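Just so you know, we're using this note's numbering here: the sequence shown kicks off at 179 and counts up by one.
Note that beta-carbon positions come from the ideal geometry of N, C-alpha and C, so glycine has one too.
Owing to the predicted nature of the structure, the values given are computational and were not obtained by experimental measurement.
The structure under discussion appears below in the form of structure tokens.
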Amino acid sequence: MEEFHYQRYVLVFMLFLAIFSAFALRMCLAVSITVMTKQHKTTKIDPNACPDLDMDDKTDKGSTIVHDFDWDETTQGLILSSFYWGYVLMHIPGGIMAQRFGGKHTLGLGILWTAVFTLLSPISAYQGPHFFMFIRFLEGLGEGTTFPGLNQLLAQWIPATERGRAGSFIFAGIMAGTIFSSAGSGLILHWTNYYWPAVFYFFGLLTVLWFIVYTFICYNDPASHPWISQKEKDYLEKELGGLSRRKDLPPTPWASIATSYPVIALVVAQLGHDWGL
């Protein structure tokens, strides 16, 4: 049972929650926007048919859902996609930041940044769709450092023999966070009589709570961890070849990376995967 006190397992669990929180923040708008804005119908009416009762804005309790905004489908699409405009811009800068400052703060502060702007989403939405897009863009910038910081921490803490299992558990947070956010947003809307700001407040505050715990119990590398056992230190030093984060790294071979067939194959595979999300 002693092995379950190993600090690398604590880190793996907190990284799972990091990915869980990041994707919950990312996806909560997808459900909320159905209540925030009016739905524009494009169906044709048959004048010879009996009129259909308009029940789209009725709840199961008979009350009427009040939509605060009248955004067309194009505007809704731009709002939903604006997150990814910032997200894609920060991956390479996020990797550089993780190398220079370590993975802990690169990942943690990025997710906290996203949580703060998620909490500001209700206020920004009332300022108009363009300002809301800008806030979503800033959310994406923050979350763009998540995976660079995560990979840096895995390299510093997890031996190659354990990295596959650890990575599988951590990345399961993607689907877990997506499912929890989608289902949870619907339940929150139902329980609050469709008060949509509650969705953003719930997931934003939940992530801030995660960040507070993460800040106090997770560290950049084993050498800087105050509670790690000597047994785990010896094991990681043997498996990883060192306990401290290297700061004298050689220049990044960008040309070799960009022309590497395995890298190109991974990019294409990831593009195909994300296209279906």
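- Approximately 15 Å separates the beta-carbon atoms of Ala-401 and Gln-330; this is outside 8 Å, ruling out the contact.
- By the criterion of a C-beta distance shorter than 6 Å, Cys-206 is surrounded in its chain by Ser-359, Ser-363, Val-377, Phe-381, once the five residues flanking it on both sides are discounted.
- A distance below 8 Å between beta-carbons, with the five flanking residues on each side excluded, links Pro-300 to the following residues of its chain, in chain order: Trp-374, Pro-375, Phe-378, Tyr-379.
- Contact between the segment 331-348 and the segment 302-319 is not established, with fewer than three Cβ pairs separated by less than 8 Å.
- Annotation: the continuous alpha helix (DSSP H) that includes Phe-279 extends over 269-279.
- For Tyr-304 and Thr-212, the gap between their C-alpha atoms comes out near 16 Å.
- Going by beta carbons, Phe-261 and Gly-355 fall outside the 7 Å limit.
- Non-local beta-carbon contacts of Leu-367 in its own chain, meaning distances under 8 Å to residues more than five positions away in sequence, involve Val-209, Ser-210, Val-213, Tyr-373, Trp-374, Ala-376, Val-377 in chain order.
- A direct Cα-Cα distance of roughly 44 Å separates Thr-215 from Arg-341.
- Here DSSP, grouped into helix, strand and coil, assigns Thr-370 to coil.
- Secondary-structure assignment with DSSP links Phe-247 through a beta bridge to Thr-215.
- Thr-393 is positioned such that its CB atom lies no closer than 7 Å to that of Ala-293.
- With respect to Ser-199, Trp-388 sits close: the two C-beta atoms are nearer than 7 Å.
- Taking the C-beta atoms as reference points, Gly-264 is found nearer than 7 Å to Gly-318.
- By the Cβ-count criterion, Thr-284 is buried, with 16 or more other Cβ atoms from all chains shown falling within 10 Å of its own Cβ.
- Under the three-state reduction of DSSP output, Cys-396 falls in the coil class, being neither helix nor strand.
- In this structure, Gly-320 keeps its C-beta atom at 7 Å or more from the C-beta atom of Gly-272.
- By the criterion of a C-beta distance shorter than 8 Å, Leu-328 is surrounded in its chain by Leu-193, Ala-196, Ile-197, Gly-281, Leu-285, Ile-348, once the five residues flanking it on both sides are discounted.
- Distance check between His-451 and each of Asp-246, Ile-352, Thr-370 places Ile-352 closest, using alpha-carbon atoms only.
- Contact annotation, Ile-406 with Gln-217: C-beta distance approximately 54 Å; criterion of less than 8 Å not satisfied.
- In the same chain as Arg-314, and ignoring 5 residues on each side of it, the C-beta atoms closer than 7 Å to its own belong to Ile-257, Ser-260, Phe-261, in chain order.
- Judged by DSSP in its simplified three-state form, Ile-435 adopts helix.
- Sequence-distant Cβ neighbours of Thr-324 in its own chain, meaning closer than 8 Å and more than five residues away, are Ala-196, Ile-197, Ala-200, Gly-272, Leu-285, Gly-288, Ile-289.
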